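>
Residue numbers (the working numbering): 362 to 560.
1. Could you tell me which of 513, 474, 482, 448 sits nearest to residue 500, measuring between CA atoms?
2. Could you pull the DSSP bridge partners for residue 465 from this structure?
3. What does the alpha-carbon distance come out to for the pair residue 554 and residue 531?
4. Which residues in the same chain as residue 437 place their Cβ atom closer than 8 angstroms to its Cβ, once the five residues preceding and following it in sequence are excluded?
5. Residue 479 and residue 488: beta carbons closer than 7 angstroms?
6. With a CB to CB cut of under 6 angstroms and the five nearest residues on each side skipped, what residues in its chain are close to residue 504?
7. Could you check what DSSP says for residue 504 in three-state terms: helix, strand or coil?
8. Any idea if residue 551 is buried or exposed, counting beta-carbon neighbours within 10 angstroms, 16 or more meaning buried?
9. In terms of residue numbering, what span does the beta strand (DSSP E) encompassing residue 511 cover?
10. Following the continuous beta strand (DSSP E) through residue 436, name the residue where it begins and the one where it ends.
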């Protein structure tokens with residue numbers, strides 16, 4: 362029982378300009394909750410395999426109100442998980458934790474993943490963690506350790522195709538922009554799609 366995986370790698374090069382590159386690739390299979398059921402043959406697709414965050418001067422990253430981090434901007438990717446049979450499709454992201462809500466980027470930076478749109482078999486759904494004490498949300502963050510799944514009211518919703526728009530925001534501290542030569546900074550991780558057979 363192996364998860365569907367998608368690696369996310371982010372590199373940044375400073376040369377009096379700041380350049381960012383995020384690369385996503387997909388491999389692997391699905392996970393099922395109950396091994397007595399047949400395992401769905403899930404597939405995961407992303408609309409882009411490369412995200413270029415562009416070039417920035419040292420003064421261009423935007424200060425985020427209330428925190429000491431600078432934003433390198435936001436980008437949106439589309440993710441689709443297709444299992445070919447009626448199942449509960451949950452999503453997680455595995456990476457080094459950078460904060461309570463985000464993943465490590467470079468030495469002291471983080472990147473966050475926000476679900477800004479979710480559809481199950483073409484119909485809008487809300488997501489929340491598999492911990493049912495967490496309320497559903499239109500735009501939940503995919504936090505370290507979380508598994509997000511679609512719900513219909515208080516009940517897990519099942520389907521064959523889960524389509525998501527995911528907003529990626531990358532942030533660094535000011536110290537990260539103070540370099541005297543070319544430098545590469547990295548953040549990486551992988552998406553995992555979990556196919557859970559409904560009871």
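Note that the Cβ used here is the ideal one computed from N, Cα and C, for glycine as well. Only a predicted model underlies this, so the values are computations on that prediction, with no experimental measurement involved.
Here's the rundown:
1. Start at 1 with the first residue of the chain shown, and residue 500 comes out as number 139. When only C-alpha atoms are compared, the closest one is 474.
2. For the purposes of this step, residue 465 is taken as the residue at position 104 of the chain shown. Looking at the DSSP assignment, residue 465 forms a beta bridge with 471.
3. Locating residue 554 in the chain shown gives position 193, counting from the first residue. Locating residue 531 in the chain shown gives position 170, counting from the first residue. When rounded, the distance between both Cα atoms is 22 angstroms.
4. Working through the chain shown from its first residue, we reach residue 437 at position 76. Cβ contact annotation for residue 437 (same chain, cutoff 8 angstroms, sequence separation greater than five): 477, 526, 527, 528, 529, in chain order.
5. Residue 479 sits at position 118 when you count from the first residue of the chain shown. Residue 488 sits at position 127 when you count from the first residue of the chain shown. Taking 7 angstroms as the cut-off, the Cβ atoms of residue 479 and residue 488 count as close.
6. As a first step, residue 504 is located in the chain shown; it is residue number 143 there, counting from the start. Short of 6 angstroms from the beta carbon of residue 504, and not among the five residues preceding or following it, lie these beta carbons of its own chain, in chain order: 462.
7. Your numbering for residue 504 matches position 143 in the chain shown. In this structure, residue 504 counts as coil in the three-state DSSP scheme.
8. Start at 1 with the first residue of the chain shown, and residue 551 comes out as number 190. Flag for residue 551 reads buried.
9. Residue 511 sits at position 150 when you count from the first residue of the chain shown. Counting along the chain, the beta strand (DSSP E) containing residue 511 begins and ends at 509 to 513.
10. As a working mapping, residue 436 is identified with position 75 in the chain shown. 430 to 456 is the span of the beta strand (DSSP E), which, as asked, contains residue 436.
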